[in-house]
Ligand SMILES: C[S@@+](CC[C@H](N)C(=O)[O-])C[C@H]1O[C@@H](n2cnc3c(N)ncnc32)[C@H](O)[C@@H]1O
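Numbering (my numbering), first residue to last: 181 to 495.
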């Protein structure tokens, strides 16, 4: 049975996104990373051998498609399978959610963008799903597309909150939206940490820790330090050629080569390396070859990490 939407209001905060009222899919909006990754999910979902199926991705990016095709043309030419990385990232995050602590019925996606899991991931059925993103326009776009599709919500309650994660405001908004800190939570941080500074990542993790009951978990992806050198990666170079996206410049602010001993260790949660994508291999039947840097041809590291807040207090 489909869960009912008890609250799906997108709180508009014009100060965070002055273009929130625009109905035109302009290039700057269409070229944001949010659309890029959702476009990759749409391409992946269209493959016969897909590792993930997001049936909403194509609709979510349809109006951005002409811009994305032009923007990513040279990158597509160089890539045999452009959707490999996002397909596998999304699948690993899905797997972490599917295999989470079974007591977790509250899920928060931070930097959620066009994430459609509240509508597509069966393991979130009857959960309270909360999403936070800085962009009112992105969340409004998602709300509009899902309404046009009449997409049935799997979550029992779905709150989309516009808030800046580099500050304390988001915590108040989360609590005001019915977030319950007394029950365990799953925190999804897909494609987020790279956009925050080390200090902001630390503050975010400490806030997550303070809001989390024992048994809570998080999922995060960490890209290698080479990502800080944007010119090394053709795709990012292409996207960055569109100035003034919703993300502050410089776009990529943080990366770590050893994700198990970096910023994620600043809270006393148990960390599990779910996958490290530094070497060639096979993931969910898909052959993976690491992306190479443009100039030095070094493999780019990506690590997917699951964190669990111990039930017993760590001394
Ligand atoms: C690359 S997108 C990833 C979206 C989604 N998690 C996914 O994987 O499809 C990054 C998202 O994080 C949001 N974001 C980046 N920095 C943020 C911040 N400081 N506060 C709130 N949201 C932020 C962006 O608006 C964007 O929607």
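Glycine residues also receive a C-beta, built at the ideal position from the N, C-alpha and C atoms. Keep in mind that this is a model prediction, so the values were computed, not measured.
With a threshold of 16 other beta carbon atoms within 10 Å, residue 439 meets it and is buried.
Under the 10 Å beta carbon count, residue 370 is surrounded by 16 or more other beta carbons and is classified as buried.
Taking a C-beta distance under 7 Å as the contact criterion, residue 302 and residue 364 do not qualify as a contact pair.
In the DSSP assignment, residue 219 falls within the unbroken alpha helix (DSSP H) covering 213–225. When Cβ pairs closer than 8 Å are counted between the two stretches, the segment 261–276 is seen to touch the segment 209–224, the count reaching three or more. The C-beta of residue 271 has 16 or more other C-beta atoms within 10 Å across all chains shown, which makes the residue buried.
Inclusion of residue 481 and residue 437 in the CB contact set at 7 Å is warranted, their separation being smaller than that value. The distance from the Cβ of residue 311 to that of residue 289 is about 5 Å, consistent with a contact at the 8 Å cut-off. Annotation for residue 272: the continuous alpha helix (DSSP H) segment containing it runs 264–278.
Checking the 6 Å criterion, the Cβ of residue 391 is out of range of every heavy atom belonging to ligand 1. About 4 Å separates the beta carbons of residue 296 and residue 236, which is inside the 8 Å limit, making them a contact pair. Within the segment 362–392, the complete beta strand (DSSP E) segments of 3 residues or longer fall at 365–369, listed in chain order.
Our two residues, residue 448 and residue 286, have alpha carbons roughly 21 Å apart in a direct line. For residue 350, DSSP assigns no beta-bridge partner whatsoever. Secondary structure at residue 257: helix, using DSSP grouped into helix, strand and coil.
In the pairwise beta carbon analysis, the segment 317–331 is classified as touching the segment 239–255: at least three pairs are separated by under 8 Å. The shortest C-alpha to C-alpha distance from residue 479 to any of 459, 467, 485 is the one to 459. Nearest Cα to residue 342 within the set 247, 251, 469, 291: 291. By the Cβ neighbour-count rule, residue 492 is exposed, with fewer than 16 other Cβ atoms within 10 Å of its own.
No Cβ-Cβ contact shorter than 7 Å links residue 399 with residue 442. In the three-state DSSP reduction, residue 324 falls in the helix class (H, G or I). For residue 399, the pairing in a beta bridge is given by DSSP as 368, 486. Assigned with DSSP and collapsed to three states, residue 284 falls in coil, not helix or strand. Inclusion of residue 316 and residue 351 in the CB contact set at 7 Å is not warranted, their separation being larger than that value. Taking the C-beta atoms as reference points, residue 219 is found nearer than 7 Å to residue 248. The closest CA to that of residue 346, considering only 379, 331, 354, is found on 379. Excluding five sequence positions before and after residue 435, the CB atoms of its chain that fall closer than 8 Å to its own CB belong to 374, 402, 403, 404, 405, 406, 407, 408, given in chain order. For residue 409, the three-state secondary structure derived from DSSP is coil.
Residue 243 sits in a helix when the DSSP states are folded into three classes. Per DSSP, the unbroken beta strand (DSSP E) holding residue 456 starts and ends at 450–456. In the DSSP assignment, residue 297 falls within the unbroken alpha helix (DSSP H) covering 297–300. With contacts defined as CB atoms closer than 7 Å, residue 361 and residue 391 qualify as a contacting pair.
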